[in-house]
Amino acid sequence: MQPSSKRVKGIFSVIASPNRLEILRILNTRGPLSYSDLKMMAGFKSKKESGKFAYHLRKLVRVALVSLNRSERKYIVTNLGRLVLNQARQLEEQSMLESGRLYVRTSRQMMEEFNADRILQSLVRESGMPMDLAQRITSEAEQRLHKFQTNYLTGPLIRELVNALLIEQGLEEYRHKLTRLGLPVYDVTQLVDKAGESGQGVGALIETTARAVLSEYLLLARLPKDVADAHLNGDIHIARAGVWGLKPDNIFVDAATLADFSLKGRVLQAPRLKPAEDLDGALSHFANASLLISREAAVEACFEGLAPYLAKYSNGSGEDLRRSLRRTLFEMGVAASRHGDDGFITLVAKNSGEEDERRIVDVLIGAYGDYVEATPNPMIKLVYHDVDGGSKQQLPEGLVNLVAQGVDIAVCRGPRARSYIGLAKNILPAEISSGFSSVHSLSVNLPRLSYESSKDDTYFKAKLAMQLNIAVQALDNRRRMMNESTKKGLLPTLSSNPSIVTMETMPLFVNLIGLDDALAQLAGDKATGSTRNKMVEGIVQTALKVSADRGLKIGETIGVSILEDDSASRFAAIDADRYGKLGSGPTGGKHYSHGAVLSSEDLDDAETVERVSMLSTKLNGGFHASFTPDKGEALAELMAKANKHLSYYRVQPKQSICKNCGAKMIGYVGRCRNCRSMSLIHAPMPEN
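Letter by letter, the sequence shown follows residues 1 to 688 of the working numbering.
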């Protein structure tokens, strides 16, 4: 007999013993183990069995299926041992299949003989089905499964068959509860192939797939059916559905409170910092707080009061403070980029008129410029808030220079504070609004209502009131979900720091999408600007009154806003499929309007200024107005003019970002000027 044949025969002889095969499996599953631990796990617990265990282990070592790491005195399975285990598993599975019986490959990666009782238990436990009905469905499913010409069954296949049976017999309510959440294989393959495009690699892939599953879970199991149907039909839109029921959208924080309270929480990986005693400590405390809080925001964590907070600790020169701030922003930017799609951080540079704070605001703007110059797509945003709000108040020179460099910034004037996206902070009383969470990712499709109202303004307002009732019901449901998330410990930072951010009061915001497109339907092309403005005012008053009345009934503060939202393109696409392009709105049907995209010439038009000012003033939830200046446009003049007329606006310069080398270029270009790559991001997205 050949030596190799002898070795193979020896291996087969060794693994013929169930005890030795079990020892191999234990080492393969648990990793390296000491003699005593392995003996105990293999079931040789008494002293009388010690000799038997030593005999089996010696056999395994002799044929090189197991080896001893002498330095650690632990036994490990060898590569040959793993190969033998794999072959044994395949032989076992094939023998099962050859037997003619039905077997199931389980989610635990094991083969088990099919047991119809598992279907019965699932129907009763998961869907709450009565026992007699569950037995009937189980019997029918078993008969059909035995007719399958397949090597083995899988859990998803059995569930699909049972769900099909439930549909056939009109039992859809039970099917919803049994539906398996997940993505098709093709979709996952596409996500894997495109994972690197976002620049976040595998983290973005995991984030996207997880949100897809949670979106299905929200629509199938968490929302009332009429709310879920309204979303699927395109009457309303639930943005960021993957986290909609888990965490709030915006979180407002007064950074000055960090001087008096240390951040608590059950995030054990985060440092426990006490209130600061010097500038370095203050910046560390702020960076720690901002990162932890932003992780629990779906959209934005907005920090006011940074200037007075730093004024308590900053005694050095402006350049010293700028270096410290720059270092902190760089560290925060890197850490924030690791959080995937968690909320970005907004810093509010608030000019209250105090000399010390004004100096710090100027330094903050300079340090922020250093940060964005080095960061292609920053996760930290800037809002300049002029509390005095005088139209003659000059903007800081550094702010205009930022825009000239292609930086996207927001400006608000007067006592009403705004976040970067334009959400109004002052919807709550001053004593509450120092730190709170809010939810606003729900939009109403106004062009749909205008189309179905046949240009009847009164009918349009009646339909708007009905749709707002559904929207407020959805937001109220979401408010309860936030309470559940807090109680279950899913928001450890927010739930543990009521002195910094309260979760007891949470305003709800309904977003209106497509006002300009709806107006084009209702008023027609011949209506004058003043007529359109009166119609807009009537629509806003209706929305505010209905929302306030509903808020009183449920005991919540309801705001109405017009903010940027991904529903603008979704609504337009759904309506185009259903009705054809709606109206002659400003975007020609590519997407609906969401806020006001203005030019310098628009600010010279009295009726446009009147409409935008009215919306910005009357919408208690916030209004988004933006400018996209062309290269070479006189920015100082544009921003001075905007400052004269608007209480909030964003300046979004056209720029191109190279995905390959990270270079930023002013304006829209087709090829990177640095590395010649054509893989570019254009911001804001150009109209095609």
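Glycine is no exception: its CB is placed at the ideal position from the N, C-alpha and C atoms.
All figures in this text were calculated on a predicted structure; none of them were measured in a lab.
Taking 3 residues as the shortest admissible run, the stretch 206-288 contains the following complete beta strand (DSSP E) segments, listed from N- to C-terminal end: 236-238 and 250-254. Judged by their CB atoms, S593 and D517 are nearer to each other than the 7 angstroms cut-off.
Assigned with DSSP and collapsed to three states, Y668 falls in coil, not helix or strand. Counting only the Cα atoms, P308 lies some 11 angstroms from G353. Apart from sequence neighbours up to five positions away, the residues of its chain that approach G10 with a beta-carbon distance below 6 angstroms are V63, ordered along the chain.
At the C-beta level, L382 and L347 come within 7 angstroms of one another.
By the Cβ-count criterion, N288 is buried, with 16 or more other Cβ atoms from all chains shown falling within 10 Å of its own Cβ. 7 angstroms or more divides the Cβ of S434 from the Cβ of P507. In this structure, C412 is the residue among R30, R479 and C412 with its C-alpha nearest to the C-alpha of N351.
No Cβ-Cβ contact shorter than 7 angstroms links S547 with H237. Remark: C-beta atoms of A424 and G621 approach each other more closely than 7 angstroms.
Per the DSSP secondary-structure output, D386 pairs in a beta bridge with N351 and R413. If you keep only unbroken beta strand (DSSP E) runs of at least 3 residues inside the stretch 507-589, you get 508-513 and 558-562.
For V61, the enclosing alpha helix (DSSP H) covers residues S50 to R62. Straight-line measurement puts the Cα of A164 at about 38 angstroms from the Cα of L491. With a cutoff of 7 angstroms on beta-carbon distance, V227 and A465 are scored as not near each other. Comparing alpha carbon positions, the residue from L449, N469 and K590 closest to A576 is K590. Here R676 carries a coil assignment [DSSP, helix/strand/coil]. The beta-carbon separation of M535 and L522, rounded to 6 angstroms, stays under the 8 angstroms limit for a contact. Within the same chain, Cβ atoms closer than 7 angstroms to the Cβ of K74 are found at P32, L33 and S34, the five residues on either side in sequence being excluded. Across the set D362, E355, L402 and E304, the C-alpha of E304 shows the shortest separation from the C-alpha of S419.
G422 is a Cβ neighbour of L563, given a cutoff of 7 angstroms. In chain order, S441, L442, S443, D565, D566 and S567 place their CB closer than 8 angstroms to the CB of A239, counting only its own chain and leaving out the 5 sequence neighbours on each side. For R650, the enclosing beta strand (DSSP E) stretches over residues Y648 to V651.
Remark: C-beta atoms of I427 and G343 do not approach each other more closely than 7 angstroms. In the DSSP assignment, E300 forms a beta bridge with N250 and F344.
Per DSSP, K463 is one residue of the alpha helix (DSSP H) stretching across D457 to K487. Across the structure, M614 and E537 are spaced so that their CA atoms are roughly 8 angstroms apart.
Comparing alpha-carbon positions, the option among I470, G170, L178 and P376 lying closest to K664 turns out to be P376.
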